[in-house]
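Visitor: Dropping the structure in here first, questions after.
2 protein chains.
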Amino acid sequence: MQNTPVTLKFLAGKLKMSVSTVSKALNNYPTINEFTKKRVQEMARELNFTPNKSAINLKERRSRIIGIILPNLSDHFFTRSIDGVEQFATAHGYNVIISQSHDDLQKEIQSADMLLRSRVDGLIVAISKHTQQFDHLNQFEKMGVPVVYYTRNPSFNLNCHKVLGNTFQGCYQATQFLIERGHRKIAYLGGPKMINFTHDRFNGYINALKDNQIPFSAELVAYTDFDQENTITAIQHLFSAEKIPTALVAFKEPILFDAIKYLKSINYPGFAKIECVGFGNNAFITYLDNPPVASIEENPESVGENAIKLLLQLINREIDLQDYKKVMVDCRLVVH
Amino acid sequence: MQNTPVTLKFLAGKLKMSVSTVSKALNNYPTINEFTKKRVQEMARELNFTPNKSAINLKERRSRIIGIILPNLSDHFFTRSIDGVEQFATAHGYNVIISQSHDDLQKEIQSADMLLRSRVDGLIVAISKHTQQFDHLNQFEKMGVPVVYYTRNPSFNLNCHKVLGNTFQGCYQATQFLIERGHRKIAYLGGPKMINFTHDRFNGYINALKDNQIPFSAELVAYTDFDQENTITAIQHLFSAEKIPTALVAFKEPILFDAIKYLKSINYPGFAKIECVGFGNNAFITYLDNPPVASIEENPESVGENAIKLLLQLINREIDLQDYKKVMVDCRLVVH
DNA sequence: AACAACGTTTCAAACGTTTGAAATAATTGC
DNA sequence: GCAATTATTTCAAACGTTTGAAACGTTGTT
Numbered sequence: 132m133q134n135t136p137v138t139l140k141f142l143a144g145k146l147k148m149s150v151s152t153v154s155k156a157l158n159n160y161p162t163i164n165e166f167t168k169k170r171v172q173e174m175a176r177e178l179n180f181t182p183n184k185s186a187i188n189l190k191e192r193r194s195r196i197i198g199i200i201l202p203n204l205s206d207h208f209f210t211r212s213i214d215g216v217e218q219f220a221t222a223h224g225y226n227v228i229i230s231q232s233h234d235d236l237q238k239e240i241q242s243a244d245m246l247l248r249s250r251v252d253g254l255i256v257a258i259s260k261h262t263q264q265f266d267h268l269n270q271f272e273k274m275g276v277p278v279v280y281y282t283r284n285p286s287f288n289l290n291c292h293k294v295l296g297n298t299f300q301g302c303y304q305a306t307q308f309l310i311e312r313g314h315r316k317i318a319y320l321g322g323p324k325m326i327n328f329t330h331d332r333f334n335g336y337i338n339a340l341k342d343n344q345i346p347f348s349a350e351l352v353a354y355t356d357f358d359q360e361n362t363i364t365a366i367q368h369l370f371s372a373e374k375i376p377t378a379l380v381a382f383k384e385p386i387l388f389d390a391i392k393y394l395k396s397i398n399y400p401g402f403a404k405i406e407c408v409g410f411g412n413n414a415f416i417t418y419l420d421n422p423p424v425a426s427i428e429e430n431p432e433s434v435g436e437n438a439i440k441l442l443l444q445l446i447n448r449e450i451d452l453q454d455y456k457k458v459m460v461d462c463r464l465v466v467h
Numbered sequence: 132m133q134n135t136p137v138t139l140k141f142l143a144g145k146l147k148m149s150v151s152t153v154s155k156a157l158n159n160y161p162t163i164n165e166f167t168k169k170r171v172q173e174m175a176r177e178l179n180f181t182p183n184k185s186a187i188n189l190k191e192r193r194s195r196i197i198g199i200i201l202p203n204l205s206d207h208f209f210t211r212s213i214d215g216v217e218q219f220a221t222a223h224g225y226n227v228i229i230s231q232s233h234d235d236l237q238k239e240i241q242s243a244d245m246l247l248r249s250r251v252d253g254l255i256v257a258i259s260k261h262t263q264q265f266d267h268l269n270q271f272e273k274m275g276v277p278v279v280y281y282t283r284n285p286s287f288n289l290n291c292h293k294v295l296g297n298t299f300q301g302c303y304q305a306t307q308f309l310i311e312r313g314h315r316k317i318a319y320l321g322g323p324k325m326i327n328f329t330h331d332r333f334n335g336y337i338n339a340l341k342d343n344q345i346p347f348s349a350e351l352v353a354y355t356d357f358d359q360e361n362t363i364t365a366i367q368h369l370f371s372a373e374k375i376p377t378a379l380v381a382f383k384e385p386i387l388f389d390a391i392k393y394l395k396s397i398n399y400p401g402f403a404k405i406e407c408v409g410f411g412n413n414a415f416i417t418y419l420d421n422p423p424v425a426s427i428e429e430n431p432e433s434v435g436e437n438a439i440k441l442l443l444q445l446i447n448r449e450i451d452l453q454d455y456k457k458v459m460v461d462c463r464l465v466v467h
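Residue numbers (our numbering), protein chains in the order written: chain S, 132 to 467; chain E, 132 to 467.
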């Protein structure tokens, strides 16, 4: 424990030169004599000089920090997307601060405020499912800090930058896949209606049916959320319908697993023949005895990477802040 | 986009008062006139004044930021532990920066450096499995920044603060549980030897055997890592041993799942009777057809919470930096 | 000997806060 | 009505950097 913090001033004192010489030497200014640079750099290393980022941020009026707000880290989609962001960000000299909203608007507001105070250079955000009001996020753009919404975003709002999984295409492809395997009665298990892409997924399903001249039946559609009880209720509804489904498209894998588990537990007649597909491509599928026939891989790393790429362009003003972009990242059907 | 950043100075100009009055008004100093406070606070709200954290950090010589370095976010143990840290930290006015090492020493060093520059007030770290050298982490203590190692830590080093899952007790309990269920030939599948607690777990296993007068057989012990191939090799070894095991204790659940899957895939005779236990208590277990008979719940939230509690005490100098503590968090056996 | 020209170093202000001390204004006591 | 007291505001320095402008010292030219 050393009580004299090693600052430029301290180094300057030791070396009997001015603070600016030390600073410039460490930053490799061409006007500084080579021998001086050596001396300074050696001394800095010896004394473990570590520049104070707060001071630099203050001076430079930027932080080289990217903020990320997301619902939670227990969802593998998000942790995988972080990897995409982090890799590209650090390669470009930026660090990342992650903040979880736990799908709670108040926490999201707190996170946003914290990141705003930290003067992040840009923000990537997947909004909570309860976010209907955007003052706390609009604040960033007002201060000239670009914001990229990814995955979960305010669907009605065109005036923001978005990077989205092409969830329509993913769901279309999954439905198409099931149709090609001979299914005609394909049930659709949707997610919370507050999450905007829920509708896109539904549309993918609908359109695939339409394009194959399969009549749509409202009986074959139900919605749930992340609560297991609700999923069971939805499944009971779907599989007691008149048109008994032979296949199922679900908006998220863990929920699909709940569905499969339930059908199996009640010895649903014809269970073995039912074919399922869900979003996610969870690594655990390999351990299931009755795995989904395929998964919709959402490529979260790519979503994250596209988000940070766009954000960096906005930060560098290569793209105008007002020139709102929408980037779609295609899904890929993985057959198991 | 507004080009005049709203600073104290800017507010002071608008209100025709000094910067210090504005600052004190916003910080609710008792010497400031109530009416003045109102005026200032209103104006601040109206213009969306957001204090610059870098400036405050610089002035206060602390950041109210806690750094966390951990191997990766794909392991649910770590994401759950973060929840424990975050909750307690934010309740005490601290923010958290998470940095992944991806089990790579170089990345860990980079993370440490980044956090050091950011002048975190304290560090919580689960070292990478390749970390044998600790300069980058010792640096913090040298600068008076307390460090708490959690879960993965330098086992040989007593001179550091540690918060650990009581992995010995967990493994003992699991083994005891299997013994009580009548098993005598219990195999043990250990993890990477570089991870320090691997040995504690093994000792838990051994001691439970000993306390029940069950002879230990080296044939019943094998080691693997997170690579599936190696797990299969280990399992082949264990289950082709002379003493055919009837139960298995594994050091981590996903690996246990690989083992179960393999035994099932080869139609291992007596597979249905084999009882397994592993560390983790993965939420996913509920979907398995041949689930482990029990799980060792490591209580990661509690580990995280204990780590941040200790760290805050160190930060507040309620505990002397040199007075090295070791906190153990018990595991809990969850029978499925 | 004078001075231009260069290589190198230093000065000084700025970034946005906080805070004890000093200054000023308002109030009270007599 | 004036000093003493109290309430309120302002001054000024500090936190650790960066950086353009100014200053310095050394050479080389004439």
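Virtual Cβ for every residue (Gly too), placed ideally from N, Cα, C.
In whole angstroms, what separates the C-alpha of S:Gln270 from that of S:Ser232?
Guide: Along the first sequence, read from residue 1 onward, the residue named residue 270 of chain S stands at position 139. Along the first sequence, read from residue 1 onward, the residue named residue 232 of chain S stands at position 101. Straight-line measurement puts the Cα of S:Ser232 at about 17 Å from the Cα of S:Gln270.
Visitor: Under 7 Å between beta-carbons, which chain S residues line up against E:Phe415? List them in chain order, please.
Guide: For this step, residue 415 of chain E is matched to residue 284 along the second sequence. Within 7 Å Cβ-Cβ: Phe415.
Visitor: Since I believe E:Arg250 is in contact with E:Tyr483 (beta carbons under 8 Å), could you give me their beta-carbon distance rounded to a whole number of angstroms?
Guide: The question about residue 483 of chain E has no answer, for chain E in this structure spans 132 to 467.
Visitor: By the criterion of Cβ-Cβ separation under 7 Å, what are the contact partners of S:Met245 in chain E?
Guide: As a first step, residue 245 of chain S must be located in the first sequence, where it is residue number 114. Chain E residues near S:Met245: Asn226.
Visitor: Do you know offhand how far S:Asp235's Cα is from S:Leu204's?
Guide: Taking the first sequence and counting its residues from 1, the one referred to as residue 235 of chain S is at position 104. Taking the first sequence and counting its residues from 1, the one referred to as residue 204 of chain S is at position 73. Distance between the alpha carbons of S:Asp235 and S:Leu204 is about 14 Å.
Visitor: Could you spell out where the alpha helix (DSSP H) holding S:Met174 opens and where it closes?
Guide: Counting from 1 along the first sequence, the entry for residue 174 of chain S is found at position 43. First-last of the alpha helix (DSSP H) with S:Met174: 165–177.
Visitor: Would you please state the rounded distance, in angstroms, between the beta carbons of E:Gly487 and E:Val276? I believe it to be under 8 Å.
Guide: Because chain E here runs from 132 to 467, residue 487 of chain E falls outside it and cannot be looked at.
Visitor: Going along chain S in order, which residues have a C-beta closer than 8 Å to the C-beta of E:Phe208?
Guide: For the purposes of this step, residue 208 of chain E is taken as the residue at position 77 of the second sequence. Residues of chain S passing the Cβ test: none, with the nearest at roughly 12 Å.
Visitor: Are there three or more Cβ pairs, one per stretch, closer than 8 Å when the stretch 321–337 of chain S is compared with the stretch 298–306 of chain S?
Guide: yes
Visitor: Output, in sequence order along the chain, the residues in the stretch 265–289 of chain S whose CB is closer than 8 Å to any CB in chain E.
Guide: Gln270, Glu272, Lys273, Met274, Gly275
Visitor: Provide the residue(s) that pair with S:Tyr160 in DSSP beta bridges, ordered along the chain.
Guide: The sequence position of residue 160 of chain S within the first sequence is 29, counting from 1. S:Tyr160 is not bridged to any residue.
Visitor: Whose Cβ in chain E lies nearer than 9 Å to the Cβ of S:Thr362?
Guide: As a first step, residue 362 of chain S must be located in the first sequence, where it is residue number 231. The contacting residues do not exist; S:Thr362 stays about 13 Å from chain E at best.
Visitor: Look at the Cβ atom of E:Val352, then the Cβ atom of E:Gly401, and state whether they are nearer than 8 Å.
Guide: Start at 1 with the first residue of the second sequence, and residue 352 of chain E comes out as number 221. Start at 1 with the first residue of the second sequence, and residue 401 of chain E comes out as number 270. Their beta carbons are not under 8 Å apart, which means E:Val352 does not touch E:Gly401 by this criterion.
Visitor: When DSSP labels each residue in this structure, what does E:Lys457 get in the three-state scheme?
Guide: Taking the second sequence and counting its residues from 1, the one referred to as residue 457 of chain E is at position 326. E:Lys457: strand per DSSP, three-state reduction.
Visitor: In angstroms with no decimal places, state the Cα-to-Cα distance between E:Lys238 and E:His267.
Guide: Along the second sequence, one-based indexing puts residue 238 of chain E at 107. Along the second sequence, one-based indexing puts residue 267 of chain E at 136. Their Cα atoms are separated by approximately 11 Å.
Visitor: Hey, is S:Arg211 close to the ligand ZN, as in C-beta under 7 Å from one of its heavy atoms?
Guide: Within the structure as shown, the ligand ZN is missing, as the structure has no ligands at all.
Visitor: Would S:Ile258 be called buried (16 or more neighbouring beta carbons within 10 Å of its own) or exposed?
Guide: In the first sequence, counting from the first residue as 1, residue 258 of chain S sits at position 127. Under this definition S:Ile258 is a buried residue.
Visitor: Would you call the stretch 209–221 of chain S and the stretch 422–437 of chain S in contact, with 3 or more CB pairs under 8 Å?
Guide: yes
Visitor: At a Cβ threshold of 8 Å, is S:Met132 touching chain E?
Guide: Working through the first sequence from its first residue, we reach residue 132 of chain S at position 1. Residue confidence for S:Met132 is low, a pLDDT of 42 falling below 50, so the modelled location carries little weight; the figure read from the coordinates is stated next. Yes, S:Met132 lies at the interface with chain E (some Cβ there is under 8 Å from its Cβ).
Visitor: Would you say the stretch 381–392 of chain S touches the stretch 335–347 of chain S, given that touching needs at least three Cβ pairs under 8 Å?
Guide: At 8 Å Cβ cutoff, the stretches do not touch.
Visitor: What in chain E is Cβ-close to S:Phe299, meaning under 8 Å?
Guide: One-based indexing of the first sequence puts residue 299 of chain S at position 168. In chain order: nothing, as chain E lies at least about 28 Å away.
Visitor: Which of the three DSSP states, helix, strand or coil, is assigned to S:His223?
Guide: Residue mapping note: residue 223 of chain S aligns to position 92 of the first sequence, counting from 1. Residue state, collapsed to three classes: coil.
Visitor: In terms of residues, what are the limits of the beta strand (DSSP E) holding S:Glu428?
Guide: Working through the first sequence from its first residue, we reach residue 428 of chain S at position 297. Here the beta strand (DSSP E) through S:Glu428 covers 425–428.
Visitor: Less than 8 Å between the C-beta atoms of S:His292 and S:Tyr399, yes or no?
Guide: Here residue 292 of chain S refers to the residue found at position 161 of the first sequence. Here residue 399 of chain S refers to the residue found at position 268 of the first sequence. No, Cβ-Cβ distance for S:His292 and S:Tyr399 is not below 8 Å.
Visitor: Do you know whose CA, among S:Glu272, S:Asn188, S:Pro323, lies nearest S:Gln359's CA?
Guide: Position 228 of the first sequence, counted from the start, is the residue given in the question as residue 359 of chain S. The shortest C-alpha separation from S:Gln359 is found at S:Pro323.
Visitor: Interface residues of chain E around S:Ala186 at Cβ under 7 Å?
Guide: Residue numbering aside, residue 186 of chain S sits at position 55 when the first sequence is read from its first letter. By Cβ distance, chain E contributes Leu189.
Visitor: Cutting at 8 Å between CB atoms, please list the residues of its own chain near E:Met132, excluding the five before and the five after it.
Guide: Translated into the one-based positions of the second sequence, residue 132 of chain E becomes position 1. The predicted model places E:Met132 with a pLDDT of 42, which falls under 50 and marks its position as unreliable; any figure quoted below should be read in that light. Non-local C-beta neighbours of E:Met132 in its own chain, meaning closer than 8 Å and more than five positions away in sequence, are absent.
Visitor: Assess, as a yes-or-no matter, whether the stretch 163–179 of chain E is touched by the stretch 156–165 of chain S under the definition of 3 or more beta carbon pairs within less than 8 Å.
Guide: no
Visitor: So what does DSSP say about E:Ala257, is it helix, strand or coil?
Guide: On the second sequence, position 126 is the one that residue 257 of chain E refers to. In this structure, E:Ala257 counts as coil in the three-state DSSP scheme.
Visitor: Which residues in the same chain as E:Glu497 place their Cβ atom closer than 7 Å to its Cβ, once the five residues preceding and following it in sequence are excluded?
Guide: Because residue 497 of chain E is not part of the residues shown, which for chain E are 132 to 467, the question remains open.
Visitor: On a CA-only basis, which of S:Ala339, S:Lys316, S:Phe357 is nearest S:Ser371? Give me that one, please.
Guide: On the first sequence, residue 371 of chain S is found 240 positions in, with the first residue counted as 1. The option with the nearest alpha carbon to S:Ser371 is S:Lys316.
Visitor: Take S:Ile446 and list the residues in its own chain whose beta-carbon comes closer than 7 Å to its own, dropping the five residues that flank it on each side.
Guide: Translated into the one-based positions of the first sequence, residue 446 of chain S becomes position 315. The answer, listed in chain order, is Asp252, Gly253, Pro277.
Visitor: By DSSP, does E:Leu142 sit in helix, in strand, or in coil?
Guide: Sequence index remark: in the second sequence, residue 142 of chain E carries index 11 (1-based). Here E:Leu142 sits in helix by DSSP.
Visitor: Report the rounded CA-to-CA distance for E:Ser242 versus E:Gly198, giving the unit in angstroms.
Guide: Residue mapping note: residue 242 of chain E aligns to position 111 of the second sequence, counting from 1. Residue mapping note: residue 198 of chain E aligns to position 67 of the second sequence, counting from 1. If I take the Cα positions, the gap works out to 9 Å.
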